[in-house]
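In this note's numbering, the protein residues as written are 20 to 276.
Yeah, the Cβ is synthetic: ideal placement off N, Cα and C, and Gly gets one too.
Remember, it's a predicted structure, so these values are computed and weren't measured experimentally.
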């Protein structure tokens with residue numbers, strides 16, 4: 020009975036979440052056309068709305084820990100569901116993502132993503148996209164802000180494992196920007212797929228940045244390994260805090276979206 024009630028609450032929450040996206044778009048699209056800076060106000064407002072309604076509609080509270088980066092940095096974040104994006108965007112002043120190219124065609128979401136400077140990436144062409152991003156950053160073509168990249172390349176279910184890719188390390192080496200690792204446990208409560216949302220405390224935690232002197236002399240593979248060794252234990256700690264038992268043995272490869 021309790022499961023059925025929570026499932027219904029989750030369904031209502033998801034419905035109002037998309038309705039709110041449409042209503043807010045009616046207000047913010049004209050303002051963004053007039054002044055592009057208003058796109059940041061728009062996306063942060065929506066993310067705060069989702070966090071607030073998740074708290075009282077399905078009992079899913081949320082928290083951002085650590086020092087929130089505000090400079091020109093790369094954020095290498097664990098990615099478990101749409102909710103970690105919501106938390107990060109609600110916290111940093113000028114977020115932009117390397118995102119799947121198909122998302123640029125998503126109604127409302129894709130339009131605002133391009134306005135804040137997100138970079139669409141074709142499946143299977145990530146290397147070319149990283150090269151373009153490096154060129155854009157160096158030439159100043161990209162909007163200033165905090166570039167968020169998911170080192171595993173996709174959403175990974177809580178407790179599952181997928182190898183880290185070298186994109187964040189390449190961008191760090193080519194741009195010299197510090198890398199801020201970020202851990203999360205949101206997948207325990209808000210899975211990659213499905214309607215059910217569990218009550219609890221979802222967390223995104225910004226970890227101490229990796230600076231040039233920290234990884235001096237390392238190649239991209241070694242830097243990537245350092246990121247994995249920082250992000251994975253921190254995410255496991257947050258998931259354990261949420262009551263989720265992370266198995267160290269027999270980890271499964273997560274299926275790509």
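Exercise for review: Go ahead and pull the three-state DSSP assignment for residue 176.
Suggested key: By one-based count along the chain shown, residue 176 stands at place 157. Residue state, collapsed to three classes: coil.
Check your understanding: Terminal residues of the continuous alpha helix (DSSP H) containing residue 248?
Key -> The residue given as residue 248 occupies position 229 in the chain shown. It spans 239-260 - the alpha helix (DSSP H) in which residue 248 sits, taken as one unbroken run.
Point to revise | residue 150 in three-state terms, based on DSSP | key: The residue labelled residue 150 in the question sits at position 131 within the chain shown. It is helical.
Point to revise | Of the residues 62, 199, 257, the one placed nearest residue 225, counting alpha carbons only | key: On the chain shown, residue 225 is found 206 positions in, with the first residue counted as 1. Of the listed residues, the one whose Cα sits closest to residue 225 is 199.
Check your understanding: Run through DSSP, which three-state label would residue 236 get?
Key -> Taking the first residue of the chain shown as position 1, residue 236 is located at position 217. In the structure shown, residue 236 sits in coil (DSSP, three-state: anything other than H, G, I, E or B).
Review point. In the structure shown, what three-state DSSP assignment does residue 196 receive?
Key: Locating residue 196 in the chain shown gives position 177, counting from the first residue. Looking at residue 196 - three-state DSSP - the assignment turns out to be coil, as it is neither helix nor strand.
Review point. Taking just the CA atoms, how far does residue 208 sit from residue 110?
Key: Translated into the one-based positions of the chain shown, residue 110 becomes position 91. Translated into the one-based positions of the chain shown, residue 208 becomes position 189. C-alpha separation (whole angstroms): 20 Å.
**Study point:** Rounded Cβ spacing between residue 39 and residue 68 (contact assumed at less than 8 Å)
**Key:** Locating residue 39 in the chain shown gives position 20, where the first residue counts as 1. Locating residue 68 in the chain shown gives position 49, where the first residue counts as 1. Contact holds; Cβ gap of about 6 Å.
Check your understanding: Can the beta-carbon of residue 259 be found less than 8 Å from the beta-carbon of residue 211?
Key -> Stepping through the chain shown from its first residue, residue 259 is reached at position 240. Stepping through the chain shown from its first residue, residue 211 is reached at position 192. Cβ atoms of residue 259 and residue 211: not closer than 8 Å.
Practice item. From the DSSP output, in three-state form, read off residue 92 for me. Key: As a working mapping, residue 92 is identified with position 73 in the chain shown. Coil at residue 92, not helix or strand.
Check your understanding: How far does the alpha helix (DSSP H) with residue 53 in it reach, from first residue to last?
Key -> In the chain shown, the residue the question calls residue 53 occupies position 34. Unbroken alpha helix (DSSP H) run through residue 53: 21-53.
**Study point:** Three-state class that DSSP yields for residue 17 in the structure shown
**Key:** Given a span of 20 to 276 for the chain in the structure shown, any question on residue 17 remains unanswerable.
Review point. So, are the CB atoms of residue 170 and residue 187 less than 8 Å apart?
Key: Counting from one through the chain shown, the residue named residue 170 turns up at place 151. Counting from one through the chain shown, the residue named residue 187 turns up at place 168. Yes, the Cβ-Cβ distance between residue 170 and residue 187 is below 8 Å.
Check your understanding: Any chance the region 72-91 sits against the region 212-221, with 3 or more Cβ pairs inside 8 Å?
Key -> yes
Point to revise | Cα-Cα separation between residue 253 and residue 121, rounded to whole angstroms | key: Along the chain shown, read from residue 1 onward, the residue named residue 253 stands at position 234. Along the chain shown, read from residue 1 onward, the residue named residue 121 stands at position 102. Spanning the two alpha carbons is a distance of roughly 31 Å.
Check your understanding: If we count the other Cβ atoms within 10 Å of its Cβ and call it buried at 16 or more, is residue 154 buried or exposed?
Key -> In the chain shown, counting from the first residue as 1, residue 154 sits at position 135. Residue 154 is exposed by the Cβ-count criterion.
Check your understanding: Are the beta-carbon atoms of residue 48 and residue 115 separated by less than 8 Å?
Key -> Position 29 of the chain shown holds residue 48. Position 96 of the chain shown holds residue 115. Not in contact: residue 48 and residue 115 (Cβ atoms no closer than 8 Å).
**Study point:** Burial state of residue 46, where buried means 16 or more other Cβ atoms lie within 10 Å
**Key:** On the chain shown, residue 46 is found 27 positions in, with the first residue counted as 1. Flag for residue 46 reads exposed.
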